[in-house]
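Read the structure below first, then the notes.
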Amino acid sequence: QGAPGDPWQPYSTSISGSGHTAKTEYGTNSASGDRSVRLWKAEEVSTSGQEHKRHLTTAGNYDASQLYLAISKDENWASGNAGTVEEYKDKEGRIVLKRAWKDESVKLSTYYIYDDLGNLSFVLPPGADPDGSSISQTSLDGFCYQYRYDGRNRLIEKRIPGKGWDYLVYNKLDQLVMTQDSVQRDNGKWLFSKYDVMGRNILTGIASSSSSRDTWQSSVNAQSALWETRDDANTSGTGTGYSNASLPTSGIDRYHTVSYFDDYGFYGNSFGAPG
Numbered sequence: 671q672g673a674p675g676d677p678w679q680p681y682s683t684s685i686s687g688s689g690h691t692a693k694t695e696y697g698t699n700s701a702s703g704d705r706s707v708r709l710w711k712a713e714e715v716s717t718s719g720q721e722h723k724r725h726l727t728t729a730g731n732y733d734a735s736q737l738y739l740a741i742s743k744d745e746n747w748a749s750g751n752a753g754t755v756e757e758y759k760d761k762e763g764r765i766v767l768k769r770a771w772k773d774e775s776v777k778l779s780t781y782y783i784y785d786d787l788g789n790l791s792f793v794l795p796p797g798a799d800p801d802g803s804s805i806s807q808t809s810l811d812g813f814c815y816q817y818r819y820d821g822r823n824r825l826i827e828k829r830i831p832g833k834g835w836d837y838l839v840y841n842k843l844d845q846l847v848m849t850q851d852s853v854q855r856d857n858g859k860w861l862f863s864k865y866d867v868m869g870r871n872i873l874t875g876i877a878s879s880s881s882s883r884d885t886w887q888s889s890v891n892a893q894s895a896l897w898e899t900r901d902d903a904n905t906s907g908t909g910t911g912y913s914n915a916s917l918p919t920s921g922i923d924r925y926h927t928v929s930y931f932d933d934y935g936f937y938g939n940s941f942g943a944p945g
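Numbering (the numbering used here), first residue to last: 671 to 945.
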């Protein structure tokens with residue numbers, strides 16, 4: 671792929687200095703050497719109540735020719751590994767590894783690990799040395815991305831480098847209704863979102879609760895009210911102009927946002943419609 675200017679044109683004997691173009695080469699992985707790829711797996715945890723968790727394991731490299739390889743070479747590439755970026759995909763088209771070569775010997779590899787249902791479970795950046803034979807829990811928590819899913823393939827727990835676990839709770843419509851990070855957990859707080867019958871986010875805020883993610887998920891699963899309705903007379907007493915039917919209904923410290931749709935007759939609007 672060329673660009674404006676003689677040096678950036680595809681190589682031609684009639685154009686002096688040409689040939690500095692982006693190039694792409696295709697192939698497959700090898701079992702050893704520079705094109706080898708470590709085989710990481712996200713194994714299911716069999717302990718009752720912890721089946722959503724995954725354990726990172728490895729036992730050597732992929733066999734040769736099991737992954738598709740695309741090598742991108744920048745405009746200044748001349749030969750060898752330096753200036754190239756490799757992308758390896760499995761037979762389902764999922765990216766397994768992205769590897770950039772800083773020079774002929776230094777490679778920066780980022781691995782993407784999927785569970786048995788195809789969900790992204792781990793991202794292993796170069797700082798964790800994922801080409802090596804093992805990754806300690808300290809490195810996993812300090813450098814890597816970790817994701818956990820429930821039986822409906824919804825992301826319910828995630829951890830990014832240098833941060834504690836984030837928890838997520840969904841209603842029966844698969845709408846995200848509550849989230850909590852590690853700092854909020856230490857302080858017994860949850861962020862919440864509420865929706866109207868059209869699935870539009872109408873309320874967000876923060877609530878006090880020491881209940882676990884599992885407890886909240888069970889409560890939300892059992893809740894029949896999935897959305898709020900307009901309450902222009904403020905009979906609910908929330909001061910938001912909406913009912914207070916979906917969880918959480920108590921322990922609300924404050925609302926962060928309140929959104930109204932469709933008309934200007936909402937509670938507290940003393941200005942009426944524009945124009």
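Beta carbons: idealized from backbone N, C-alpha and C, even for Gly.
Inset, instruction - With a 10 Å radius around its C-beta and 16 neighbouring C-beta atoms as the bar for buried, classify LEU631 as buried or exposed. - result: The structure shown has nothing for residue 631, since the chain only spans 671 to 945.
Legend entry - For LEU794 and TRP710, believed in contact at Cβ under 8 Å, the rounded distance: 7 Å
Inset, instruction - Could you say which of GLU762, LYS761, THR754 lies nearest to LYS768 if we only look at CA atoms? - result: THR754
Inset, instruction - Give the secondary structure of SER706 by DSSP, where H, G and I count as helix, E and B as strand, and everything else as coil. - result: strand
Legend entry - Boundaries (first-last residue) of the alpha helix (DSSP H) holding PHE813: 807-813
Legend entry - Cβ-based burial, VAL715 [other Cβ within 10 Å; buried from 16]: exposed
Legend entry - Which listed residue (TYR817, GLY797, ASP801) has its alpha carbon closest to that of THR808: GLY797
Legend entry - 7 Å Cβ shell around GLY858 - same chain, five flanking residues per side excluded: SER878, SER879, SER880
Inset, instruction - Determine the direct distance from the alpha carbon of LEU726 to that of GLY875, and round the result to whole angstroms. - result: 36 Å
Inset, instruction - Taking only the alpha-carbon atoms, compute the straight-line gap between TYR732 and SER803 and give it to the nearest angstrom. - result: 13 Å
Legend entry - THR910, buried or exposed, once every other Cβ within 10 Å from all chains shown has been counted against 16: buried
Legend entry - Rounded C-alpha distance that separates HIS926 from ASN904: 18 Å
Inset, instruction - Note down the Cα distance separating ALA740 from TYR696, rounded to an integer number of angstroms. - result: 5 Å
Inset, instruction - Could you give the DSSP three-state label for SER888: helix, strand or coil? - result: Three-state DSSP puts SER888 in a helix.
Legend entry - Where the beta strand (DSSP E) containing ARG855 begins and where it ends: Per DSSP, ARG855 belongs to no beta strand (DSSP E); it is in the alpha helix (DSSP H), 852-856.
Inset, instruction - Pick out the complete beta strand (DSSP E) segments inside the region 718-755, 3 residues or longer, and give them in chain order. - result: 724-731, 738-743
Legend entry - Within 8 Å, strictly: CB atoms of THR780 and TYR738: Not in contact: THR780 and TYR738 (Cβ atoms no closer than 8 Å).
Inset, instruction - Rank PHE931, LEU917, TYR784, ASN746 by C-alpha distance to the C-alpha of LYS759 and give the top, closest one. - result: TYR784
Inset, instruction - Note down, one range per segment and in chain order, each beta strand (DSSP E) of at least 3 residues found wholly within the region 869-923. - result: 871-878, all fully within the region 869-923.
Legend entry - Cutoff 6 Å; reference THR908; Cβ partners in own chain excluding five residues on either side: ASN914
Inset, instruction - Alpha carbon to alpha carbon, how far is ARG764 from SER742? Give it in angstroms, no decimals. - result: Between SER742 and ARG764, the C-alpha separation is close to 18 Å.
Legend entry - GLY697 - containing beta strand (DSSP E), residue span: 693-698
Inset, instruction - Flag this pair as yes or no: are the beta carbons of TYR837 and ARG883 separated by less than 8 Å? - result: yes
Inset, instruction - Tell me, please, which residues DSSP counts as bridged to PHE862. - result: Answer is MET848, GLY875, bridged to PHE862.
Inset, instruction - Kindly indicate which three-state DSSP category ALA943 falls into: helix, strand or coil? - result: coil
Legend entry - Same chain, Cβ closer than 6 Å to THR849, neighbours up to 5 away in sequence not counted: LEU838, LEU861
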